[in-house]
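*Asks:* Input: one structure, supplied below.
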Amino acid sequence: MDPAYNYRKISQRYGLNYFMLLAVYGISSPYLQLMLRRLGYSPAAVGFFLGFFELVGITGPMYLAQLADRSGRLKPLLITATLMILAGLGILIPFRQPLITLLSLVLLSLGLKTPIPVLDTSVMRAIEYASEHHERKLHYGVLRAIGSVGFVIIAIIAQLIPGFEESSPATMALATGVLAIFFLLSLGYLPEIGRGHPRKEKIAFSFKWLDATYILGLAVIALGRLAMAPIGSFFSMYLTEDLHWHAVGAMYAVSATSEIPFIILSWKFIQKKSPMLAIAIASGAVVVRLLIYALFPSPAGAISGQLLHSLCYGLFQPAAIAFINLKTPPADRTTGMALFMGIGVGLPTFIGSALGGTIVEALGYRWLFASYTLFAAASLALFWKFRKQLTAVR
Numbered sequence: 024m025d026p027a028y029n030y031r032k033i034s035q036r037y038g039l040n041y042f043m044l045l046a047v048y049g050i051s052s053p054y055l056q057l058m059l060r061r062l063g064y065s066p067a068a069v070g071f072f073l074g075f076f077e078l079v080g081i082t083g084p085m086y087l088a089q090l091a092d093r094s095g096r097l098k099p100l101l102i103t104a105t106l107m108i109l110a111g112l113g114i115l116i117p118f119r120q121p122l123i124t125l126l127s128l129v130l131l132s133l134g135l136k137t138p139i140p141v142l143d144t145s146v147m148r149a150i151e152y153a154s155e156h157h158e159r160k161l162h163y164g165v166l167r168a169i170g171s172v173g174f175v176i177i178a179i180i181a182q183l184i185p186g187f188e189e190s191s192p193a194t195m196a197l198a199t200g201v202l203a204i205f206f207l208l209s210l211g212y213l214p215e216i217g218r219g220h221p222r223k224e225k226i227a228f229s230f231k232w233l234d235a236t237y238i239l240g241l242a243v244i245a246l247g248r249l250a251m252a253p254i255g256s257f258f259s260m261y262l263t264e265d266l267h268w269h270a271v272g273a274m275y276a277v278s279a280t281s282e283i284p285f286i287i288l289s290w291k292f293i294q295k296k297s298p299m300l301a302i303a304i305a306s307g308a309v310v311v312r313l314l315i316y317a318l319f320p321s322p323a324g325a326i327s328g329q330l331l332h333s334l335c336y337g338l339f340q341p342a343a344i345a346f347i348n349l350k351t352p353p354a355d356r357t358t359g360m361a362l363f364m365g366i367g368v369g370l371p372t373f374i375g376s377a378l379g380g381t382i383v384e385a386l387g388y389r390w391l392f393a394s395y396t397l398f399a400a401a402s403l404a405l406f407w408k409f410r411k412q413l414t415a416v417r
């Protein structure tokens, strides 16, 4: 056995990194919308800001990741991303002006969205190293599950702190910043197994491989993501302002916990059937979930809807990635994933969040959720019309 490779020690270190990173998400994901709302912004403004946050989170990290690829070094980028989180939080709270808020969201988005793909890349390098040296390979799914456990634990702790959801934006920002510092400290234990291949040449993008099936599949995915936008951007506000139920942390813990087994088990279904059939099932679950929020505005309705996150994300996300990989030539996977993240995820989230805030102000949260079932229904209709062509991809 190569003395430079210790499976148990490396697994524990990566587990710590993922745990601490997703712990930061345990505050930022549920409470960022509440922070913005309590800074005095209207629901429409909050929706625009969160849509902008998602757009930056799609394009910026891809550029930063290319810088890391060219240098072959990952840890400096992770450290820089964490410092961006701290800087973004530092200017978000004291300067309550739209332009400065936008700047803070740029820093927060880059800081929060960059580490996941970079950590994933580091793990993939370690797996390749183990394969080349005939060592025991890391279990990527287990490492990501450890990260989800970190999210759930922090969300529950926040829920158990009396009055946390009603606290000031500064308190929520402080909690996020403290967790970011713990993640920064954990980077001192980041394994450096395997090496990248530094390069200076620019990546050449080609779209010759694009065909009608890819475009149709991307459209089905985008409509499904558009339907999910109000949940990601307004669910915490719906709980506190419409239901008057201060259970934000608990509800996000429920959804995060429900997705874990489906992310692991969904691959068998996707391989046996087809990715697009799984996406269609997930879109059907989105319709049911949104209608539950709209028609049953109660704690029981909120819990039931959050449990459906198991299908709406736990089944949807792996299926979408599988479809993109199947329809993209190996040499163009970066381009294919960029299109998926930009057109299939980023743009729909931006549109859905920005439009959603206006609907909330005009009609309220229940009509917001009810109206967005139309996008999920459109996703299902498009899939049904071209089902033979789409389900052939497997």
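Our numbering puts the first residue of the sequence shown at 24, with every later residue one more than the last.
Even glycine gets a Cβ: it sits at the ideal position worked out from N, Cα and C.
Here the structure is a predicted model, which is why all the values come from computation and not from measurement.
#1: Rounding to the nearest angstrom, what Cα-Cα distance links L210 and I150 in this structure?
#2: If you draw a straight line from the C-alpha of L100 to the C-alpha of S145, how long is it?
#3: Helix, strand or coil for K296 per DSSP?
#4: With 16 other CB atoms within 10 Å as the buried threshold, where does Y275 fall?
#5: Report the three-state DSSP secondary structure of D234 (helix, strand or coil).
#6: From T137 to F406, what distance separates their C-alpha atoms?
#7: For Y41 and G170, which I take to be in contact (beta-carbon distance under 8 Å), what is that distance rounded to the nearest angstrom?
#8: Measuring only the C-alpha atoms, how far is L130 from A168?
#9: When the Cα atoms are used, what is the spatial distance from F72 to N29?
#10: Just list the alpha helix (DSSP H) runs in the region 329-368, keeping only unbroken ones of 4 residues or longer that don't cross its boundaries, in chain order.
#11: Apart from the five residues just before and just after P298, which ones in its own chain have a Cβ nearer than 6 Å to its Cβ?
#12: Helix, strand or coil for T124, going by three-state DSSP, please let me know.
#13: Beta-carbon separation of S132 and V79 under 8 Å?
#14: Assign S34 to one of two classes, buried (16 or more other C-beta atoms within 10 Å of its C-beta) or exposed (fewer than that).
#15: Which stretch, first to last residue, makes up the alpha helix (DSSP H) that contains P371?
#16: State the Cα-Cα distance for the pair I326 and Y152, rounded to the nearest angstrom.
#17: Can you find a heavy atom of the ligand SAH that lies under 7 Å from the Cβ of M107?
#18: Would you mind giving the Cβ-Cβ distance between F174 and G49, rounded to the nearest angstrom? I have them listed as a contact below 8 Å.
#19: Please classify Y316 as buried or exposed, where buried requires at least 16 neighbouring CB atoms within 10 angstroms.
#20: By Cβ distance, which residues of its chain are closer than 7 Å to F339, with the 5 residues on each side in sequence left out?
#21: Taking Cβ to Cβ, would you say S259 is nearer than 8 Å to Q56?
#22: Please classify E155 as buried or exposed, where buried requires at least 16 neighbouring CB atoms within 10 angstroms.
#23: Count the other CB atoms, across all protein chains shown, that sit within 10 Å of the CB of P121; report buried if there are 16 or more and exposed otherwise.
#24: Determine the direct distance from the alpha carbon of G38 to that of G375, and round the result to whole angstroms.
#25: Take F205 and list the residues in its own chain whose beta-carbon comes closer than 6 Å to its own, dropping the five residues that flank it on each side.
#26: Would L59 be called buried (16 or more neighbouring beta carbons within 10 Å of its own) or exposed?
#27: Mapping DSSP to helix, strand and coil, what is W407?
#28: Pick from A393, I116 and I177: whose alpha carbon is nearest that of P320?
*Replies:* Taking the geometry as given:
#1: 19 Å
#2: 12 Å
#3: coil
#4: buried
#5: coil
#6: 32 Å
#7: 3 Å
#8: 27 Å
#9: 44 Å
#10: 332-335, 339-350 and 356-362
#11: A342, A345 and F346
#12: helix
#13: yes
#14: buried
#15: L370 to L386
#16: 43 Å
#17: This structure simply doesn't include the ligand SAH, nor any ligand for that matter.
#18: 4 Å
#19: buried
#20: G247, I302 and A305
#21: yes
#22: exposed
#23: exposed
#24: 34 Å
#25: M43
#26: buried
#27: helix
#28: A393
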